[in-house]
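S.K.: Residues in the sequence shown are numbered consecutively from 585, following our numbering.
Even glycine gets a Cβ: it sits at the ideal position worked out from N, Cα and C.
This one's a predicted model, so the numbers in the text were calculated from it and none came from an experiment.
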Amino acid sequence: MSSGIYTKIDKELQKRNERSLLRELKTSKGKDFCSNDYLGLSNHPEILQAMHEGINHLGLGSTASRLVRGHYQVFNDLEDVICGITQTVSSLFVANGFIANLGLIDALSDSRTHIFTDRLNHASILDGIRIAGSKKIYFNHLDYDDLETKLKKSNLDDSKIIIAESIYSMDGDRSDVKKLVDLKIKYNACLILDETHAFGVEGKKGSGLGTDYSEIDFRIFTLGKALGLEGGIITCNRSQAKDYLINCMRSFVFSTAPMPAIAYAGITAINLMSKMDREREHLAKVGILLREGLQAKAFHTGNSTTQIVPVLLSSEDEALAMADKFQKLGFDLRAIRPPTVARPRIRISLHSNHTELDVACLVRNF
Ligand SMILES: Cc1ncc(COP(=O)(O)O)c(C=O)c1O
Numbered sequence: 585m586s587s588g589i590y591t592k593i594d595k596e597l598q599k600r601n602e603r604s605l606l607r608e609l610k611t612s613k614g615k616d617f618c619s620n621d622y623l624g625l626s627n628h629p630e631i632l633q634a635m636h637e638g639i640n641h642l643g644l645g646s647t648a649s650r651l652v653r654g655h656y657q658v659f660n661d662l663e664d665v666i667c668g669i670t671q672t673v674s675s676l677f678v679a680n681g682f683i684a685n686l687g688l689i690d691a692l693s694d695s696r697t698h699i700f701t702d703r704l705n706h707a708s709i710l711d712g713i714r715i716a717g718s719k720k721i722y723f724n725h726l727d728y729d730d731l732e733t734k735l736k737k738s739n740l741d742d743s744k745i746i747i748a749e750s751i752y753s754m755d756g757d758r759s760d761v762k763k764l765v766d767l768k769i770k771y772n773a774c775l776i777l778d779e780t781h782a783f784g785v786e787g788k789k790g791s792g793l794g795t796d797y798s799e800i801d802f803r804i805f806t807l808g809k810a811l812g813l814e815g816g817i818i819t820c821n822r823s824q825a826k827d828y829l830i831n832c833m834r835s836f837v838f839s840t841a842p843m844p845a846i847a848y849a850g851i852t853a854i855n856l857m858s859k860m861d862r863e864r865e866h867l868a869k870v871g872i873l874l875r876e877g878l879q880a881k882a883f884h885t886g887n888s889t890t891q892i893v894p895v896l897l898s899s900e901d902e903a904l905a906m907a908d909k910f911q912k913l914g915f916d917l918r919a920i921r922p923p924t925v926a927r928p929r930i931r932i933s934l935h936s937n938h939t940e941l942d943v944a945c946l947v948r949n950f
């Protein structure tokens, strides 16, 4: 019985290897131009200290799901801080952003639901749609005419969900949030906006691109990227929505709560991040410099306008060779290949502690 599984495993690995698509785990070395530590907070002394304090006061694991004994006051405190900064009615802290998308979509949908998903949405969104068994309707990336055409065709009155990311993780381009909100209202749909790559970087006090729109039903955040920690957050704009998730979101109900110390440190991280406007301005500036520098050397950076800058390449081998070259030069850049993206690339991720000189050195080596 098991031998069939190993035949499948061997075949898949061989196929990936032949197509230069095999992944392997490499520890980090060289200057970081690939992680999502956009504000350089992953080693911030105040957050480190808060983490130590949190462990000293609250212990290690939460020991149970939040509906049993794993609920701590610090989770309420973190959720209040998040609602304050994102201007939302309620929020729910969970293990990570992947679980947040997966659990939310599954909880809201069933086989009758039509889910309109941007073609480049993240794997956690697609997996949420898959486990919910809903009808998946792709719209072309950032193409709101296409979205509207598809919304018009849907014969459902009340079970439509639109899902988009505010900043796209592999392309660094952005959604037009106003257009998404207009369509949501016009077609009486629910709107979910994944803000994981915008949190800390864009919007008022780094609160993301959806803060001005109270019509957005749910927004997804992570502490695992610009905030330098880990953990996912779902914000809601109707009071009953959180009660529903606490009762019906399976990955929340049936999972041990995160370490309370992470929530404790998360509050410090969010408070720090909200005051980092200068860093956000710098990040925008080095983004412009990087794109101009690469474009001057005839590299394609797609439609990026953010801290995420792809260098689009023509083959997997080219992406692997380029990543390897930069690793040897002391820059940590990684190749991103199918099936993660359709077109192979190097995904450069800028941090607010990168100097103009750092960016110039990087560009010089392309
Ligand atoms: C758009 C998007 N949503 C959700 C996630 C998952 O977030 P987390 O890393 O906190 O699990 C990611 C992670 O890469 C992402 O890029």
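Which residues bound the alpha helix (DSSP H) around residue 641?
M.R.: From DSSP, the alpha helix (DSSP H) with residue 641 extends over 629–642.
S.K.: Any chance you could list the beta strand (DSSP E) runs of at least 3 consecutive residues sitting entirely within the segment 718–778, in chain order?
M.R.: Entirely contained in the segment 718–778, the beta strand (DSSP E) runs reaching 3 residues are, in chain order, 719–723, 744–749, 774–778.
S.K.: Less than 7 Å between the CB of residue 724 and some heavy atom of ligand 1, yes or no?
M.R.: No.
S.K.: Return helix, strand or coil for residue 894, following the three-state DSSP convention.
M.R.: Note: residue 894 maps to strand in three-state DSSP.
S.K.: Could you check how far apart the C-beta atoms of residue 681 and residue 649 are, in whole angstroms? I think they sit under 8 Å.
M.R.: 19 Å between Cβ atoms; not a contact.
S.K.: Measuring alpha carbon to alpha carbon, tell me which of 947, 925, 885 ends up nearest residue 913.
M.R.: Closest option to residue 913, Cα to Cα, is 947.
S.K.: When the Cα atoms are used, what is the spatial distance from residue 952 to residue 700?
M.R.: In this structure the chain extends from 585 to 950, so residue 952 is not present and cannot be described.
S.K.: How long is the line joining the alpha carbons of residue 935 and residue 786, rounded to whole angstroms?
M.R.: Computed Cα separation, rounded: 13 Å.
S.K.: What residues are listed by DSSP as bridge partners for residue 587?
M.R.: In DSSP, residue 587 forms no bridge with anything.
S.K.: Please report how far the alpha carbon of residue 757 lies from the alpha carbon of residue 800, in whole angstroms.
M.R.: Approximately 20 Å, taken between the alpha carbons.
S.K.: How about residue 778: is its Cβ closer than 7 Å to a heavy atom in ligand 1?
M.R.: True, at least one ligand heavy atom lies under 7 Å from that Cβ.
S.K.: Taking only runs that begin and end inside the segment 789–865, name each unbroken alpha helix (DSSP H) of 4 or more residues, in chain order.
M.R.: Listed in chain order, they are 823–832, 834–837, 844–858.
S.K.: Counting only the same chain and skipping the five closest in sequence on each side, list residues whose C-beta sits under 7 Å from that of residue 843.
M.R.: Once the five neighbours on either side are set aside, the close Cβ partners of residue 843 are 644, 645, 646.
S.K.: For the structure I just gave you, are there three or more beta carbon pairs, one from the segment 767–780 and one from the segment 822–836, closer than 8 Å?
M.R.: Counting Cβ pairs under 8 Å, fewer than three are found: no touch.
S.K.: Beta carbon of residue 624: closer than 7 Å to some heavy atom of ligand 1?
M.R.: The answer is no for residue 624.
S.K.: Need the endpoints of the beta strand (DSSP E) that residue 676 sits in, please.
M.R.: Run containing residue 676: 674–678, per the beta strand (DSSP E) assignment.
S.K.: Answer yes or no: do residue 845 and residue 623 have a C-beta to C-beta separation smaller than 8 Å?
M.R.: No. Outside cutoff.
S.K.: Can you give me the start and stop residues for the alpha helix (DSSP H) that residue 682 sits inside?
M.R.: 681–692 is the span of the alpha helix (DSSP H), which, as asked, contains residue 682.
S.K.: Would you say residue 806 touches ligand 1, meaning its beta carbon is less than 7 Å from a heavy atom?
M.R.: Residue 806 Cβ: within cutoff of ligand 1.
S.K.: In this structure, how does DSSP classify residue 929 when only helix, strand and coil are distinguished?
M.R.: Residue state, collapsed to three classes: strand.
S.K.: Assuming residue 617 is part of the alpha helix (DSSP H), what are its boundary residues?
M.R.: Element bounds for residue 617: n/a, residue is neither H nor E.
S.K.: Could you give the first and the last residue of the continuous alpha helix (DSSP H) run that contains residue 910?
M.R.: Unbroken alpha helix (DSSP H) run through residue 910: 900–913.
S.K.: List the DSSP bridge partners of residue 919.
M.R.: Note: residue 919 sits in a beta bridge opposite 930.
S.K.: Taking 7 Å as the cut-off, is the CB of residue 790 close to at least one heavy atom of ligand 1?
M.R.: No, since every heavy atom of ligand 1 falls outside the 7 Å radius drawn around the Cβ of residue 790.
S.K.: Out of curiosity, what's the CA-to-CA distance linking residue 597 and residue 604?
M.R.: C-alpha separation (whole angstroms): 11 Å.
S.K.: Which partner residues of residue 701 appear in the DSSP bridge assignment?
M.R.: Partner(s): 722, 747.
S.K.: Considering only the beta carbon of each residue, do residue 841 and residue 813 sit closer than 8 Å?
M.R.: The answer is no: Cβ separation not under 8 Å.
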